[in-house]
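Novice: So that we are looking at the same thing, I have put the structure below in structure tokens.
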Amino acid sequence: MSLVSTHTRRTVYQSPSALLEVDVARHLWSSARVSRLANITDPEHVFKQGLTASKTDVLKVEGDVLPNRINYRILEEGYSAVFIPVLFNNTFDIKLRSIKVNLPDKIRDQCFTINQFTDKNGDPTIVVDAITETGVLITFTIKILDFVVGSQSTLSTKTSSEWSKLSNPYGFDVRKPHIMHSYRPDYLIVFFRDGGIIAFQKDINGDVESVIFTDNSYLESLGQLFRPWANKNTFNGEKDLSVKTVIDVIHFNDYLITVTISRQLRIWSVSKQCLILEKDLAQFLTTKTSNSREFLDSTPTKLLDIFTTQTGGASDTSPTHYLTVFLPFGNGTFKLFSIKEDDFDIIDLGVQYEFTASLPDTNSIWLVGDFQLTRVDDRFELWVLWKSNTSSFVQQLQLDSELKYEWFGVHDSIAIVEKNVDEGWSEYYGRKIFQSGLYSKQVIETALPIFEKHFLGGFEDVADVVDDLTLFERVTKSISRGIESSQHIESTLERQFSRFDTLCAEFKKQADEPLKLYLDDKSGIVLVINRQEGSFVRPSSALELLNHNKSLKVSNVGDLKSVGDHLRFVNVISEFKASLSSDVFANVKTQILRAFTHPEKDTDPILASIYDQHLKDKFNPVNLGKLVEELSQFDNLFTLIDEIIKFQSTGKDKSRTTSSTLTALSISMLTETTRDLVDTNTDIMFSILILLLVLDFDDKTLLNTVSKRVIKLITSYEIFKTSLEINFNPTTGNVEVDEPVIPSVESLFTNVMTTKFADGFPVTRSNMVQFCTQLVIPFIQTNEFLYHISSFLISRDLSFLVYERFLKFYDDNYIFHLLKALVFFKTNQPIKAAKYFANYADEVTKHSLTPSESQIFKPLEEFAVLFGTNLGKYYLNIAIMFLNGLHFDQAEKFIALLSDGRQSEGFEKKYKKDKDYTSFTISVEKLDLVKANSAFKLITDPKLRSTALEKFISAMYNHQSIDQLIEFDSLRGDTAVDALLLKKAQSADIKRSLWFYQVLYAYRLNCGDFRGASEALYDFIAQHRESHDDGLKIAIAEMYSVILNIVGTLEKDDQWIIKHGEEQDVVSLSGLREEKEAFVNGLSREVRLRCGM
1 MSLVSTHTRR TVYQSPSALL EVDVARHLWS SARVSRLANI TDPEHVFKQG LTASKTDVLK
61 VEGDVLPNRI NYRILEEGYS AVFIPVLFNN TFDIKLRSIK VNLPDKIRDQ CFTINQFTDK
121 NGDPTIVVDA ITETGVLITF TIKILDFVVG SQSTLSTKTS SEWSKLSNPY GFDVRKPHIM
181 HSYRPDYLIV FFRDGGIIAF QKDINGDVES VIFTDNSYLE SLGQLFRPWA NKNTFNGEKD
241 LSVKTVIDVI HFNDYLITVT ISRQLRIWSV SKQCLILEKD LAQFLTTKTS NSREFLDSTP
301 TKLLDIFTTQ TGGASDTSPT HYLTVFLPFG NGTFKLFSIK EDDFDIIDLG VQYEFTASLP
361 DTNSIWLVGD FQLTRVDDRF ELWVLWKSNT SSFVQQLQLD SELKYEWFGV HDSIAIVEKN
421 VDEGWSEYYG RKIFQSGLYS KQVIETALPI FEKHFLGGFE DVADVVDDLT LFERVTKSIS
481 RGIESSQHIE STLERQFSRF DTLCAEFKKQ ADEPLKLYLD DKSGIVLVIN RQEGSFVRPS
541 SALELLNHNK SLKVSNVGDL KSVGDHLRFV NVISEFKASL SSDVFANVKT QILRAFTHPE
601 KDTDPILASI YDQHLKDKFN PVNLGKLVEE LSQFDNLFTL IDEIIKFQST GKDKSRTTSS
661 TLTALSISML TETTRDLVDT NTDIMFSILI LLLVLDFDDK TLLNTVSKRV IKLITSYEIF
721 KTSLEINFNP TTGNVEVDEP VIPSVESLFT NVMTTKFADG FPVTRSNMVQ FCTQLVIPFI
781 QTNEFLYHIS SFLISRDLSF LVYERFLKFY DDNYIFHLLK ALVFFKTNQP IKAAKYFANY
841 ADEVTKHSLT PSESQIFKPL EEFAVLFGTN LGKYYLNIAI MFLNGLHFDQ AEKFIALLSD
901 GRQSEGFEKK YKKDKDYTSF TISVEKLDLV KANSAFKLIT DPKLRSTALE KFISAMYNHQ
961 SIDQLIEFDS LRGDTAVDAL LLKKAQSADI KRSLWFYQVL YAYRLNCGDF RGASEALYDF
1021 IAQHRESHDD GLKIAIAEMY SVILNIVGTL EKDDQWIIKH GEEQDVVSLS GLREEKEAFV
1081 NGLSREVRLR CGM
């Protein structure tokens, strides 16, 4: 029987981007070990090296420390262990890193343990013990502080002797260890393959002393030499195994609880080193089974679990301890025992605490991968991970206070990507591989070179052609290289992409193989640790419950009976949608998304057109008849639809959220949960829309209202999906469009979420879905979500992404109108921008942004200042914006609009100064110097006038129009002009200096200042008289002649000029003649001839 699915499982990413890698005893590494580490280039080998072997779990670190959860993993080949902080909230924003430890030899399977203690300095520390294949016991310690980036860590390869120790406490070459168990940080227990047991006590220096347990397993193993006595004490199959070989172990206080191959539950006293109880597991079964397995599988497996809880009232704080035992007979049975602590005993609680597994009807052999017991409120929960090869599923058993139990399923959320009718294979597989979240970047990067090697032999490597391509570009170019003929491009693309997709799916399958369950006792979060990363198990939303269980009979869905009508309704409309061919539905979906990028005032004509052109006569009339018949059982369809729409969000109950900063892991959980909810909501909304299309409703007004609501939701979800296509690399800051969303890459959506909900929330199993349904989904359904997206992208000079992907979703309101204008402006479409800025000026200036909107657009100051302001200031700001963007015609247009409104109140006085300066700048930039001169006359502010004059003179110089300087009356006799020309003339560039001295001479001459004109030329002579450049000497000689001519025209008493320098002096006309004569006499004959002297 199918189980009701109440939870959903989805892959998430937990690994911090920073990694500290260290080696233990590098001087003892063999040459083969060093070579193995250094010479791995095969991409598949590299990928598999990063996968986790069977040994992994999460260590809960006691005390108020961060990180307080460490996920430890032995990597695939067994030579390395990696320790990854697991953090759901990080209020102090501490940056953490993973730590990878490489060992000299391979770790023996099941001989790796981790524990915690406080060192002599009071630092929380974890201790790791491992037995290698060569029989060496390696012990090393890692301080919790070592996981903090920037901490003063002593953990390094060079100092490995300080934090690690190698020893040979026992002859493991004689007796092979099967399992090692950490009883205490300083006390290890090793179970041998021959069934024996030994302990190792470590002193403060790390030296190891053996502790022998009373047991005759070793002597019995020697008896294998003497048959038939040994046959009954030896496990059939492998010579070094015994019927007493332990396959699972757990400890409680002074006691070790073990299970052997021969089905025996054996309990040992650690302090007495002896066996105190032994019992066959089959004897615990109340209901006998026909399974007669004499021996269990010799591979260590999970059969035991201990859970401690407070079950008493407020006055009873004594803990209750439960032992869960999996009895692997038949389908399997889970049985709970209570543990008596004072006088140790295991108490059978009876048949009410005995739960037979509920496995799917299949021929597969399902084995228990892991299980854990927990308590939520007044009920017990047993979580079970079932495995069959690389397939798996998770189940939850609930036992209420009345001892009634029920098994529930967990829905595996897997992206299903269907090809749209109007897209090619490149677009389809691009969405599937890169945008759906189906594959990680590592999976794609691994598959690419393997694909190129096997399917593109003989073609030039893409990396040899262009080395700066994104991963998306590399894949598409590689696949395109395999097309040799243009006649069958699409079919070849399909074949090549399908091959690549198959490779990715294979590597994903390996990466997603589950290994371990982790139940966080504080948050209640359930994680499944996979070979790479992990998955998050959460309660399903209301619509997910309907969608995942729609095929079940209402009588079988327990708590869902209250929504029985909704369940039947979703099943009916989903079945009808499924009866349509995939091409028909894909075409209808495409047309709806294309027609309704934002809600229309009247949807009925558009929907009718879509029905007539793309759906009419495309479905089986029998199916339609069945649909009508089944729908007739419901009293009011529109009421059902309205209630299902409301199920998508449960209202903004902000009281449920308190401040707590999210981590990379919890942001990944938030993103993937939202993705799942949106996918489910979208699927059901399309089913409803198909229903509205094919049925003829009498109430057209209500039909139009409902269809608008449905379309609005579908559109908002499309915006969300588009936001996931844009990512940002935190290392480079570069935008990565259509690249796979991976741990080290932040999506546009996550950036918007962390901005909108900067305070975060405490992450728990139930809070995640509550947060999404109460806050995130309602937020996505509002215009504010698109405001955030636009503000974020535009402020980062990524307006082209808004134009290409989001502009089509803009609604009809004044904020979107102005945003559209800004996007046109930023994407170099000034004519369109000016049109929108002008058309909606009155609307924008009459509305002020709300505090929430002001916060959204805070990064866009140029945008936010346009709202709720005087129309004159609006026009002026737009003009300045266009001016700064070098769009002078549009800038001039808005200056003209500002001038037209001068008579309006508040225009002239308040904005005249900025308006005149802006008008002048526009004219200068357009090289309309006549108009610029007119505007310059109006500038009275000294600072602005000085800046304007600088622009004016520079424009004349740069465009060889300096002759116009003397044509403008506004500039004649202006000491500021004179001073500016003199400043420019004093340039270190001789050519520029000469030019401006000549301009200054002409300017002063035009103003009637003959002495000043002469002094301008003389200043240049004084600076360059000693030059060896012949051309310059000729120019100086000519300047002397000009000066003598000008000074000679002055009155006799005024025939002198001032010599400027460190000390000012007067030079008379006669003195000037003497200087000229001396200068000319110093010239060469050739230069004198060129001067005509």
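Residue numbers are given in full-length UniProt numbering: position 765 of the sequence shown equals residue 765, and the series is strictly consecutive.
We put the beta carbon where it would ideally sit given N, CA and C, even for glycine.
#1: Report yes if the C-beta distance between L51 and A81 is below 9 angstroms; otherwise report no.
#2: Could you tell me the boundaries of the beta strand (DSSP E) in which H548 lies?
#3: Tell whether a beta-carbon distance below 9 angstroms holds between Y405 and L373.
#4: For S707, which option in L692, D699, V61, F697 has the closest C-alpha, if you only look at C-alpha atoms?
#5: On the DSSP letters alone, give me the boundaries of the beta strand (DSSP E) that V101 sits inside.
#6: Taking the C-alpha atoms as reference points, what is the distance between P830 and F472?
#7: Just the C-alpha distance for T671 and E533, rounded to the nearest angstrom, thanks.
#8: Would you call the stretch 762–769 in contact with the stretch 537–549, where contact means no fewer than 3 C-beta pairs closer than 8 angstroms?
#9: Helix, strand or coil: how does DSSP classify F472 here?
#10: If you drop the 5 nearest sequence neighbours on each side, which residues of the same chain put their C-beta closer than 7 angstroms to that of K419?
#11: Identify every run of the beta strand (DSSP E) within the stretch 707–742, keeping only runs that are complete inside it and at least 3 residues long; order them along the chain.
#12: Where does R227 sit, in a helix, a strand or coil, going by DSSP?
#13: Looking at the structure shown, is L1083 part of a helix, part of a strand, or coil, going by DSSP?
#14: Considering only the beta carbon of each residue, do I922 and A879 sit closer than 9 angstroms?
#15: In angstroms with no decimal places, state the Cα-to-Cα distance between I592 and G885.
#16: Is it right to say R227 is buried, meaning 16 or more other beta carbons lie within 10 angstroms of its own, or is it exposed?
#17: Cβ of A932 within 9 angstroms of Cβ of D916?
#18: Whose C-beta lies closer than 6 angstroms to the C-beta of K95 among residues of the same chain, with five residues either side of it excluded?
#19: Would DSSP call E418 helix, strand or coil?
#20: Looking at F92: is its Cβ nearer than 9 angstroms to the Cβ of T661?
#21: Identify the residues that DSSP records as bridge partners of V12: which are they?
#22: Could you give the distance in angstroms between the alpha-carbon of residue 1094 and the alpha-carbon of I644?
#23: How would you label G906, buried or exposed, when you count the other beta carbons within 10 angstroms and need 16 or more for buried?
#24: Which residue from N734, L256, K335 puts its Cα closest to that of L285?
#25: Pull up the distance between the alpha-carbon of I688 and that of S582, whole angstroms please.
#26: If contact is defined by three or more beta carbon pairs under 8 angstroms, each pair taking one atom from either stretch, is the stretch 997–1013 in contact with the stretch 1043–1058?
#27: Does the Cβ of V537 have 16 or more other Cβ atoms within 10 Å, making it buried, or fewer, making it exposed?
#28: Taking 9 angstroms as the cut-off, decide whether the C-beta atoms of R675 and V410 are in contact.
#29: Please go through the stretch 481–510 and give each complete alpha helix (DSSP H) segment of 4 or more residues, from N-terminal end onward.
#30: Q310 bridges to which residues according to DSSP?
#31: Compare the C-beta of E381 against all C-beta atoms of chain D and say whether one is closer than 9 angstroms.
#32: Would you check if the distance between the CB atom of I815 and the CB atom of N783 is smaller than 9 angstroms?
#33: I need the DSSP call for W29, collapsed to helix, strand or coil.
#34: Can you give me the C-alpha to C-alpha distance between E1077 and T1049, rounded to a whole angstrom?
#35: Which word fits R945, buried or exposed, when buried means at least 16 other C-beta atoms lie within 10 angstroms of its C-beta?
#36: For my contact list, S747 and S716 are in at a C-beta cut-off of 8 angstroms; report their separation, rounded to the angstrom.
Specialist: Once the coordinates are examined:
#1: no
#2: Looking at the DSSP string, H548 is not in any beta strand (DSSP E); the run it does join, the alpha helix (DSSP H), is 542–548.
#3: no
#4: L692
#5: 98–102
#6: 32 angstroms
#7: 16 angstroms
#8: yes
#9: helix
#10: Y428, A586
#11: Whole beta strand (DSSP E) segments, 3+ residues: 726–728, 735–737.
#12: Note that R227 has pLDDT 46, beneath the 50 cutoff, so the model's placement of it is unreliable and the number below is only indicative. R227 falls in the coil class under three-state DSSP.
#13: coil
#14: yes
#15: 38 angstroms
#16: Per-residue confidence for R227 stands at a pLDDT of 46, beneath the threshold of 50, marking its modelled position as unreliable; the derived number appears in the next sentence. It is exposed - the Cβ of R227 has fewer than 16 other Cβ atoms within 10 Å.
#17: no
#18: V149
#19: coil
#20: yes
#21: G534
#22: Residue 1094 falls outside the range modelled here, since the chain spans only 1 to 1093, and no answer is possible.
#23: A caution first: G906 carries a pLDDT of 49, below 50, which makes its placement in the model unreliable, though a value can still be read off. With fewer than 16 other Cβ atoms within 10 Å, it is exposed.
#24: K335
#25: 17 angstroms
#26: Contact between the stretch 1043–1058 and the stretch 997–1013 is present: 3 or more CB-CB pairs across the two stretches fall below 8 angstroms.
#27: V537 is classed as buried because its beta carbon has at least 16 other beta carbons within 10 Å across all chains shown.
#28: no
#29: As far as the stretch 481–510 is concerned, it has no whole alpha helix (DSSP H) run of at least 4 residues.
#30: P319
#31: Given the protein chain composition of this structure (a single chain), no chain D is represented.
#32: yes
#33: coil
#34: 20 angstroms
#35: buried
#36: Between S716 and S747 the Cβ distance is about 17 angstroms, and since that is not below 8 angstroms, they are no contact.
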